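Count along the sequence shown starting at 1, add 5, and that's the number in my numbering.
Using N, Cα and C, we set each Cβ at its ideal position, and we do this for glycine too.
In this text, all values refer to a predicted model and were calculated from it rather than measured experimentally.
Shown next, in structure tokens, is the structure this report addresses.
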Amino acid sequence: MFDLTLTPEQIEMRDTLHDFAQQEMKAAAIHPDRLQPFEKPVMSDLLAKAAQLGIRTLSLSEASGGSGSDTLTTCMLIEELAVGEVDVATILGTTAVLGHTLFDRLMSEAQKAKYVSAFAGDDDYHLAFAGVTRETHLGWNYYEDAYEDDVSVPTAEKKGNDWVLNGRIEAVSNAPLAKLFAVQVRTDPQSKGLEGLSTFLIARDHPGLIVEKTIGAFGGEQNSMTRWHHGTAAPITLKNCQLSASDVLGVVGQCPLASGALLQRLSVVNAAVALGVGRASYDAAVDYAKMRRQGGRNIMEHQAIGTKIADCTIKLELSRNMVWKAAWSLDHPEAISDRSLSTLPLAVIARVSTAQAVHEVTLLAAECFGAMGVMRDMPLQKYVNDGFIIAHSDDTDGAAKLLIAESVAGFER
Numbered sequence: 006m007f008d009l010t011l012t013p014e015q016i017e018m019r020d021t022l023h024d025f026a027q028q029e030m031k032a033a034a035i036h037p038d039r040l041q042p043f044e045k046p047v048m049s050d051l052l053a054k055a056a057q058l059g060i061r062t063l064s065l066s067e068a069s070g071g072s073g074s075d076t077l078t079t080c081m082l083i084e085e086l087a088v089g090e091v092d093v094a095t096i097l098g099t100t101a102v103l104g105h106t107l108f109d110r111l112m113s114e115a116q117k118a119k120y121v122s123a124f125a126g127d128d129d130y131h132l133a134f135a136g137v138t139r140e141t142h143l144g145w146n147y148y149e150d151a152y153e154d155d156v157s158v159p160t161a162e163k164k165g166n167d168w169v170l171n172g173r174i175e176a177v178s179n180a181p182l183a184k185l186f187a188v189q190v191r192t193d194p195q196s197k198g199l200e201g202l203s204t205f206l207i208a209r210d211h212p213g214l215i216v217e218k219t220i221g222a223f224g225g226e227q228n229s230m231t232r233w234h235h236g237t238a239a240p241i242t243l244k245n246c247q248l249s250a251s252d253v254l255g256v257v258g259q260c261p262l263a264s265g266a267l268l269q270r271l272s273v274v275n276a277a278v279a280l281g282v283g284r285a286s287y288d289a290a291v292d293y294a295k296m297r298r299q300g301g302r303n304i305m306e307h308q309a310i311g312t313k314i315a316d317c318t319i320k321l322e323l324s325r326n327m328v329w330k331a332a333w334s335l336d337h338p339e340a341i342s343d344r345s346l347s348t349l350p351l352a353v354i355a356r357v358s359t360a361q362a363v364h365e366v367t368l369l370a371a372e373c374f375g376a377m378g379v380m381r382d383m384p385l386q387k388y389v390n391d392g393f394i395i396a397h398s399d400d401t402d403g404a405a406k407l408l409i410a411e412s413v414a415g416f417e418r
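This is the structure:
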């Protein structure tokens with residue numbers, strides 16, 4: 006049964022994160038001095054404080070030193086964090102999901118022994134996945150084979166008992182901070198598309214792994230691409246990076262992350278991050294509408310503003326319901342197998358619908374401020390920009406909806 010009754014522990018954790026976001030994060034995140042420039046570096050002090058609250062290891066099993074939180078709890082807490090600062094929430098959400106995926110589901114016992122204690126005990130230890138999945142590589146190739154020739158990943162050549170990796174990946178989330186990378190490479194030179202890929206675990210200080218300059222808001226000398234993501238990202242280069250068979254995640258030639266199934270949790274958590282951005286803009290609009298007076302009354306009482314606030318409220322409530330339902334379904338796959346839930350890709354639906362709703366909410370919230378909403382020292386211009394980024398990122402653009410259409414049609418690529 007789909008039950009939205011929260012436990013006392015969940016409510017206490019949510020309240021703790023809510024207070025932290027409101028008291029510690031929001032004022033610093035929307036300070037006029039920070040809002041003025043386009044480039045907004047990661048607030049490392051807030052990231053460290055949030056990590057100390059256990060968010061980084063939220064999804065990691067208790068046996069490995071984490072909290073063992075389910076997907077619903079993770080989404081609920083990450084949403085609260087995103088209300089305070091979206092980049093911090095994105096970084097920690099990515100690390101939390103990868104921590105569960107890598108340590109609890111994919112690593113061998115020897116690999117866990119090598120990495121898990123360091124990860125659990127170091128608040129600055131973040132994780133990164135450098136690779137592609139079926140979902141992120143869909144692009145606009147709906148009417149042709151999207152995975153045949155244009156999947157570009159580094160290559161790995163077998164030399165004796167070791168592998169030598171070479172190549173470059175342009176934008177790797179969490180790369181500037183990560184201390185452990187799961188890197189997807191092509192180990193079968195005769196393969197194409199998403200076949201013949203393998204994943205290697207590479208520590209940040211391993212010889213041959215080079216983390217390039219962080220991608221800026223408008224690229225830079227080293228990075229020609231414009232940042233179109235939240236959190237932090239950078240290209241990585243592999244230059245004669247020599248690894249042993251013990252560094253392979255799973256089996257050579259069977260990339261466990263390529264299908265995207267294991268990263269559905271990350272998609273839903275990213276939807277929760279988006280929801281937090283929508284809430285932040287909504288809260289700002291509500292506070293302003295209750296305070297600003299025009300025509301002898303607060304503008305909240307004017308029909309035009311009241312309608313906008315009501316529309317925002319509806320969109321956010323519906324989005325949260327979808328995110329929580331998708332999160333619950335990932336924690337209870339039996340609900341799909343016994344037909345309690347549909348077989349539709351709920352994680353994709355949650356991510357796409359929330360992105361669209363949040364984009365609309367940020368625009369409506371800005372309209373409540375009138376001309377003030379576009380001023381660079383006001384938070385609404387940042388929230389609107391955040392909404393555009395969310396709406397047009399790789400896993401929420403128009404092509405992402407085609408995965409839903411494929412499911413409805415019963416079509417398999």
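Proximity of the region 58-67 to the region 204-215 falls short of the contact definition, fewer than three beta-carbon pairs being nearer than 8 Å. If you keep only unbroken alpha helix (DSSP H) runs of at least 4 residues inside the region 100-145, you get 114-126. DSSP places GLU417 in the coil class of the three-state scheme, outside both helix and strand.
According to the DSSP assignment, LEU369 belongs to the alpha helix (DSSP H) that extends over 351-373. Below 8 Å, enough C-beta pairs join the region 359-376 and the region 389-404 to call them touching: three or more. GLN116 and GLY213 have their C-alpha atoms spaced approximately 20 Å apart. In this structure, the CA atom of THR10 is about 19 Å from the CA atom of VAL273. The Cβ atoms of LEU132 and LEU185 sit closer than 9 Å to each other. In this structure, the beta-carbon distance from VAL389 to SER286 falls below 9 Å. Non-local C-beta neighbours of LYS406 in its own chain, meaning closer than 7 Å and more than five positions away in sequence, comprise VAL357, ordered along the chain. At a cut-off of 4 residues, the continuous stretches assigned as alpha helix (DSSP H) that sit fully inside the region 44-78 are 49-57. In the structure shown, THR21 adopts helical secondary structure according to DSSP, grouped into three states.
Within the region 268-301, not a single complete beta strand (DSSP E) segment reaches 3 residues in length.
In summary, SER113 is exposed, with fewer than 16 beta-carbon neighbours lying within 10 Å of its beta-carbon over all protein chains present. Straight across, the Cα-Cα distance linking ASN179 with ASN275 is about 14 Å. With a cut-off of 8 Å on Cβ pairs, the region 340-353 is not in contact with the region 311-323, counting fewer than three such pairs. Taking each of LEU86, LEU103, TYR293 and ILE304 in turn and checking the Cα distance to PRO384, the smallest one comes out for TYR293. Under DSSP, CYS246 shares a beta bridge with LEU170.
For ILE207, the enclosing beta strand (DSSP E) starts and ends at 202-208. According to the DSSP assignment, THR312 belongs to the alpha helix (DSSP H) that extends over 308-336.
Here the C-alpha atom of ALA55 lies approximately 43 Å from the C-alpha atom of ALA414. The region 121-129 and the region 87-98 do not touch, with fewer than 3 CB-CB distances between them shorter than 8 Å. Using a Cβ-Cβ distance cut-off of 8 Å, the region 46-54 and the region 241-261 are not in contact, since fewer than three pairs of beta carbons, one from each stretch, lie closer than that value. Look at GLN259 here: in three-state DSSP terms it is strand. Straight through space, the alpha carbons of GLN386 and GLU372 are spaced by roughly 11 Å. When C-beta atoms of the region 215-223 are compared with those of the region 237-246, three or more pairs fall below 8 Å, so the two segments count as touching. A check of alpha carbon separations from ASP210 across VAL190, GLN247, GLY221 and LYS320 identifies GLN247 as the nearest.
In this model, ILE319 and ALA331 are separated by some 18 Å (Cα to Cα).
The C-alpha of GLU411 lies about 52 Å from the C-alpha of GLY300. About 20 Å separates the beta carbons of THR359 and ALA266, which is beyond the 8 Å limit, so they are not a contact pair.
The C-beta of ARG302 has fewer than 16 other C-beta atoms within 10 Å across all chains shown, which makes the residue exposed. Cβ contact annotation for PRO350 (same chain, cutoff 7 Å, sequence separation greater than five): LEU408, ILE409 and SER412, in chain order.
Residue pairing for ARG191: DSSP places it in a beta bridge opposite THR160 and LEU202.
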